[in-house]
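Structure first, commentary second.
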Amino acid sequence: MGVNSYSNSRVEHLACNNNGSNNNMKIQAEIQMPPLEIHKVRLPPERTTLQKLRHRLSEIFFPDDPLHRFKNQTCLMKLLLALQYFFPIFQWAPHYNLSLLRSDIISGLTIASLAIPQGISYAKFANLPPILGLYSSFVPPLIYSLLGSSRHLGVGPVSIASLVMGSMLSETVSFSQDPILYLKLAFTATFFAGLFQSSLGILRLGFVIDFLSKATLVGFMAGAAIIVSLQQLKGLLGIVHFTNKMQITPVLISVFKQRDEVAISVFKILLHVSRPNTLVLGNIPGTPIFHSLNQYREALRIPSFVILAVESPIYFANSTYLQERILRWVREEEERVKANNESTLKCIILDMTAVTAIDTSGIDTLYELRKVLDKRSLQLVLANPVGNVMEKLHQSNILDSFGLKGVYLSVGEAVADISSSWKAQP
5 MGVNSYSNSR VEHLACNNNG SNNNMKIQAE IQMPPLEIHK VRLPPERTTL
55 QKLRHRLSEI FFPDDPLHRF KNQTCLMKLL LALQYFFPIF QWAPHYNLSL
105 LRSDIISGLT IASLAIPQGI SYAKFANLPP ILGLYSSFVP PLIYSLLGSS
155 RHLGVGPVSI ASLVMGSMLS ETVSFSQDPI LYLKLAFTAT FFAGLFQSSL
205 GILRLGFVID FLSKATLVGF MAGAAIIVSL QQLKGLLGIV HFTNKMQITP
255 VLISVFKQRD EVAISVFKIL LHVSRPNTLV LGNIPGTPIF HSLNQYREAL
305 RIPSFVILAV ESPIYFANST YLQERILRWV REEEERVKAN NESTLKCIIL
355 DMTAVTAIDT SGIDTLYELR KVLDKRSLQL VLANPVGNVM EKLHQSNILD
405 SFGLKGVYLS VGEAVADISS SWKAQP
């Protein structure tokens with residue numbers, strides 16, 4: 005670190021007279037410049053390959069840090085938390101309010117009145133007996149009541165899965181010719197589908213769904229509705245000349261055959277774009293510069309603020325991860341503030357200098373993130389969004405929800421203005 009002093013520097017200004025003559029007047033000005041402190045660019049702390057791999061895997065599979073509740077707990081408490089983690093019913097059942105029982109019974113009867121005919125019709129899609137549709141509508145909710153963690157999720161058969169099941173099995177055997185073999189193949193396919201889904205949950209591979217954008221999901225649901233409607237036409241209009249062939253599997257095989265190397269490279273790229281780097285920033289003493297606390301040990305935290313930087317575009321493949329990671333940073337900062345008895349966290353500043361693009365999913369993430377933080381009495385502001393990002397935020401009207409002081413030109417201006425507004429409050 006060094007100091008350069010500039011004093012008594014002479015600056016020459018040239019001015020031409022109004023008559024266009026060649027006589028130039030030299031204006032000499034004495035300028036006194038304050039000492040400028042130059043900070044060296046530092047390297048991040050050294051880490052072993054194992055530490056880097058461990059950090060990378062934790063960011064890929066555990067962005068929300070689901071095991072944070074196990075820290076500093078006794079063995080008995082850890083066992084209880086593990087039981088609640090795998091069987092959420094042990095977490096909510098002791099706190100269940102009997103006043104909700106009436107509402108739950110009414111909602112259960114309402115869903116059952118819909119699930120019964122739906123299960124029968126979906127069994128027909130798969131060319132299976134109607135009784136199997138009733139089983140699939142009754143048994144999964146019972147199991148989910150023990151293993152599920154969402155009170156708003158409905159579990160049961162799906163129309164597209166039923167159609168694919170029927171098309172796939174019809175190519176192998178006809179239900180009318182050999183119903184026993186048909187049922188065995190259906191049970192086998194269902195078993196392996198459940199096995200794959202359970203493996204995805206246990207291995208924390210839910211981030212794969214992040215690569216399906218909101219537009220893709222909406223298009224899928226619209227296409228599914230059209231296909232289901234067309235499937236009903238053959239029974240409604242008596243049309244029997246429908247083809248049973250389904251060429252999606254041979255097409256996929258021809259596309260991905262002998263593409264292992266390309267697949268590995270694509271997977272690596274997808275991991276980089278779906279798990280972008282996020283940083284906690286601090287102020288370099290004596291400067292208006294904010295930089296990574298991990299890279300610059302002399303950087304200081306600003307009381308009541310947590311300043312986060314995203315080093316990637318925000319779009320459908322990483323928006324869910326970023327929301328979870330930002331909320332995790334906020335939770336960790338609240339725990340640190342409480343442990344050190346520091347000023348209460350009030351504001352989260354999101355530095356968007358490195359955010360070069362944003363799509364509708366990213367905008368929805370910012371909106372949802374602001375709502376979540378508002379419920380926790382925390383203010384979210386944006387700092388230095390680039391031109392095209394600012395344009396999309398303006399077109400989406402999301403800036404209206406942030407208010408007049410929700411977007412700042414720099415992190416320093418945001419800290420100074422918000423701090424002064426707090427001081428002005430009675």
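For the working numbering, count along the sequence shown from 1 and bump the result up by 4.
Ideal Cβ positions, reconstructed from N, Cα and C, are used throughout, including at glycine.
CB residue i to CB residue j, shorter than 8 Å?
i: residue 298; j: residue 67; result: no
i: residue 152; j: residue 70; result: no
i: residue 318; j: residue 326; result: yes
i: residue 314; j: residue 373; result: no
i: residue 383; j: residue 350; result: yes
i: residue 411; j: residue 294; result: no
i: residue 362; j: residue 402; result: no
i: residue 283; j: residue 269; result: no
i: residue 115; j: residue 158; result: yes
i: residue 1; j: residue 337; result: The chain is shown only over 5 to 430; residue 1 falls outside these bounds and no answer can be derived.
For residue i and residue j, I'd like the C-alpha separation in whole angstroms.
i: residue 439; j: residue 230; result: Since the first and last residues shown for the chain are 5 and 430, residue 439 lies out of range.
i: residue 72; j: residue 339; result: 11 Å
i: residue 174; j: residue 194; result: 15 Å
i: residue 87; j: residue 207; result: 18 Å
i: residue 161; j: residue 191; result: 14 Å
i: residue 212; j: residue 322; result: 10 Å
i: residue 36; j: residue 291; result: Confidence in residue 36 is poor, its pLDDT being 47 and thus under 50, which makes the residue's placement unreliable; the coordinate value appears in the next sentence. Those two C-alpha atoms are separated by around 19 Å.
i: residue 79; j: residue 89; result: 15 Å
i: residue 170; j: residue 186; result: 10 Å
i: residue 53; j: residue 117; result: 57 Å
i: residue 104; j: residue 316; result: 44 Å
i: residue 184; j: residue 201; result: 26 Å
i: residue 156; j: residue 218; result: 20 Å
i: residue 300; j: residue 98; result: 47 Å
i: residue 397; j: residue 370; result: 10 Å
i: residue 101; j: residue 107; result: 11 Å
i: residue 320; j: residue 223; result: 15 Å
i: residue 417; j: residue 427; result: 15 Å
i: residue 84; j: residue 154; result: 20 Å
i: residue 342; j: residue 423; result: 20 Å
i: residue 180; j: residue 203; result: 34 Å
i: residue 82; j: residue 57; result: 26 Å
i: residue 60; j: residue 281; result: 10 Å
i: residue 413; j: residue 395; result: 14 Å
Kindly indicate which residue of the options has the alpha-carbon position closest to the one of residue i.
i: residue 215; options: 417, 273 and 189; result: 273
i: residue 120; options: 137, 424, 108 and 129; result: 137
i: residue 381; options: 334, 88 and 414; result: 334
i: residue 379; options: 331, 418 and 366; result: 331
i: residue 365; options: 324, 415, 383 and 117; result: 324
i: residue 62; options: 279, 114, 289 and 418; result: 279
i: residue 348; options: 307, 371 and 368; result: 307
i: residue 142; options: 107, 124, 183 and 337; result: 124
i: residue 209; options: 396, 269, 108 and 275; result: 275
i: residue 302; options: 310, 309 and 286; result: 286
i: residue 271; options: 64, 107 and 58; result: 64
i: residue 344; options: 305, 134 and 352; result: 305
i: residue 198; options: 144, 419 and 228; result: 144
Report the CB separation of residue i from residue j in whole angstroms; it is logged as a contact under 8 Å.
i: residue 386; j: residue 406; result: 7 Å
The segment 390–405 touching the segment 344–359, judged by at least three CB pairs closer than 8 Å: Segments in contact, yes.
At least 3 beta-carbon pairs within less than 8 Å: the segment 157–176 vs the segment 125–132: These segments touch.
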